[in-house]
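The opening residue of the sequence shown carries number 1108 in the numbering used here; numbering runs sequentially from there.
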Amino acid sequence: MTVLIRMMDIQDLWFREKMKEFEKQENTKLNVVTFDKVEDVKRMIELEFKSGEKRIGLVKTAYEMVYPLAREGYLTSLKEIVDSAQLKIDLSEYLPLALDIGTIDGEVFYIPRKLETYLLFYLKSKVEDVLNNWEKDREVIGGMLKKVNGYGLPRDYILEKDPNRWDFYDLLVLSYFWANNSYQGLLLPRMAHRGKKYAGTTNELFTRVFEMGGDKNDILRMDTDPVVDMFLWEGFFVNNNLYNPGMWEQSWSGGGIWKAISEGQVFLAFMHQIDLFFIHGGSDPTMIGYLKDPEDLGISIVPAGVSLELDNKGNPKRKGDHNSNLYGWWWGIPKTSPSPDLSYKLARFITSKTNQIEECSRFGMFPVRIDVVEEISEIFSEDWKKDIFEISQRQFELGTKPSPSLVSLPALGKNYLDAWYEIAVEKKLFGKGEIKSVLKKYAEENKKLLHMGADKR
């Protein structure tokens, strides 16, 4: 039986060692195959369908492919494999949030593997520098904003000492200070997020929409206030030299940002749990860390979104919240499985409490098992790990929103990437009318995508 996976090299090695345990336990032989892009899973199963062969027994499925694979009939519902009473007992072990994503049209198709959401990474020492010295720049920052919103900084603005209370004006103040004060002899923008044309950047942009108060319908429409507000800020940050240009010039994924952090080029970024393990230096011997001082690692929930536009009293016209994008991976069993029972056993084995604790503690995955989440503080006893998991748990509780469940989600995501490059990078727009004009064509493309199939959940 073949298992399709896509993992970091060190996690891939760990997984293959676990497969040896399972092979011995079940007296069987497994073939582990790595795929490159998340969409490849569908193509590989399609090829197997056409060939009539039955080899692929389990697939590691990214969020954007969870709905398409099940909706288009490539997967076996778990109730067709396991007795209903036993299935109910088994599924009760997983977080309802994770199970819900893998439930399509009322049927459970997936065993959850891990959840992810963006948190805010920052360097404590560099934030402290801004808190102590930024007031000298208040007038300049206010003047820069006045050209855009006619007012300046919001009325009675202060830079919050608690990062968990930050909003986008706080990001502006922090990034302006760092970009206009020399560090290591360089004047350089020190704030970043992913810029590579892939799902990671799409999820960053969806997170911004959710922070601005948007939901799935705003993501789909692409021309509503939360989406426009998101692009207004993105264009403003790029145009005013507040984002590190490595984002688009070097097409940074998470790894590109880690390297930039190690080189002193980035002081603040939106990061997943696994990113933070790599940045700090993890339990795995190969996770050497990217900080000179790991104690300088700061983590908080994501900032609250607010509109760049202010009313005549100096208050944001629109307020969002500290919402982040919900992402993750799930185990699905294709209809091509040579042994659905064995496939199910394998999914349960790799998500057992023992294996989940080991994998999460070693690589920073956020667990999907209730019994692990309930014991986070006890299981992950090291302070830095506890911080990452407890703040992640707080982020999940405060607000994480999933992207729309669409067969055409990858195409929708490409529209967002193309719009971001056109608006923020190429044209550097931060005027509301100009941005709405550009978004109009992408909104029309989204309508066509949705019209092609009634594929929205």
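Beta carbons are placed, not taken as given, at the ideal position from N, Cα and C, and that holds for glycine. All values reported here derive from a predicted model rather than from experimental measurement.
Which residues share a DSSP beta bridge with residue i?
i	result
G1435	L1222
K1508	N1432
M1354	None, per the DSSP bridge assignment.
S1407	L1227
Y1290	L1293
K1426	V1413
Y1201	R1476
D1274	A1411
On a CA-only basis, which of the options is nearest residue i? Give me that one, please.
i	options	result
I1395	Y1174, S1369 and I1326	S1369
V1164	D1448, D1478 and G1506	Note that residue 1164 is Gly in the sequence shown, not Val. Per the Cα distances, D1448.
E1187	S1446, R1262, F1313 and M1108	S1446
L1519	K1304, F1503, L1556 and L1536	L1556
Y1397	V1280, G1320, V1140 and G1363	G1363
L1182	R1476, D1325 and T1443	T1443
E1311	Q1500, Y1434, S1468 and K1492	Y1434
V1409	E1402, M1378, E1130 and Y1283	M1378
D1478	G1250, V1545 and Y1201	Y1201
E1171	I1196, L1227 and Y1305	Y1305
V1475	Q1500, D1494, W1491 and E1489	Q1500
V1140	N1134, F1129 and I1112	I1112
K1233	T1224, P1296, F1537 and P1392	P1296
K1535	E1267, E1341 and L1278	E1341
S1468	Q1380, N1422, I1498 and K1452	Q1380
L1137	V1189, S1450 and P1517	S1450
A1411	K1543, N1462, G1506 and L1198	G1506
L1227	F1343, F1374 and L1546	F1374
G1307	E1235, D1325 and G1361	G1361
I1265	K1452, G1249 and E1489	G1249
D1269	Y1229, M1251, Q1291 and K1254	Y1229
L1349	P1423, K1548, L1294 and E1482	L1294
State the DSSP-derived secondary structure class of residue i, mapped to helix, strand or coil.
i	result
T1314	helix
Y1258	coil
G1560	In this prediction, G1560 scores a pLDDT of 48, lower than 50, which makes its location untrustworthy; the coordinate-derived value is nonetheless stated afterwards. In this structure, G1560 counts as coil in the three-state DSSP scheme.
I1368	helix
L1206	helix
F1377	strand
Y1217	strand
M1298	strand
L1238	helix
L1138	Note that residue 1138 is Asn in the sequence shown here, rather than Leu. If DSSP states are grouped into helix, strand and coil, N1138 belongs with the strands.
Y1528	helix
L1339	helix
R1113	coil
I1248	helix
I1265	coil
I1395	coil
I1211	strand
G1307	helix
N1347	coil
W1359	coil
D1322	coil
K1127	helix
K1243	helix
G1540	helix
D1400	coil
K1534	coil
K1420	coil
D1330	coil
I1440	coil
S1390	coil
K1547	helix
For residue i and chain C, any beta-carbon pair shorter than 7 Å?
i	result
N1553	In the structure shown, chain C does not exist; there is a single protein chain.
Using only the heavy atoms of the ligand SAM, determine whether one of them is closer than 6 Å to the beta carbon of residue i.
i	result
D1325	This structure lacks the ligand SAM, and indeed carries no ligand of any kind.
Assess contact between the region 1211-1222 and the region 1453-1465, defined as three or more Cβ pairs (one per stretch) separated by less than 8 Å. Is contact present?
yes
Answer yes if the region 1412-1430 comes into contact with the region 1273-1291, meaning at least three C-beta pairs across the two stretches below 8 Å, and no otherwise.
yes
Which parts of the region 1143-1190 are runs of the beta strand (DSSP E), unbroken and 3 residues or longer, counting only runs that do not cross its ends?
1163-1169
Taking one C-beta from the region 1245-1262 and one from the region 1417-1424 each time, how about it: are there three or more such pairs within less than 8 Å?
yes
Where in the region 1442-1520 do unbroken runs of the alpha helix (DSSP H), each at least 4 residues long, occur, reported from the N-terminal end onward?
1447-1457, 1460-1470, 1477-1480, 1483-1486 and 1490-1505
Inspect the CB distances between the region 1173-1181 and the region 1117-1131 and report whether three or more fall short of 8 Å.
no
Taking 8 Å as the threshold, find out whether the region 1337-1354 comes into contact with the region 1365-1382 through three or more Cβ pairs.
yes
For the region 1432-1439 and the region 1151-1168, state whether three or more C-beta atom pairs, one from each stretch, are separated by less than 8 Å.
yes
Below 8 Å, can you find three or more Cβ-Cβ pairs linking the region 1526-1535 to the region 1510-1518?
no
So, do the region 1324-1339 and the region 1536-1553 have three or more beta carbon pairs nearer to each other than 8 Å?
yes
Taking three-plus beta-carbon pairs below 8 Å as touching, is the region 1129-1139 in contact with the region 1152-1160?
no
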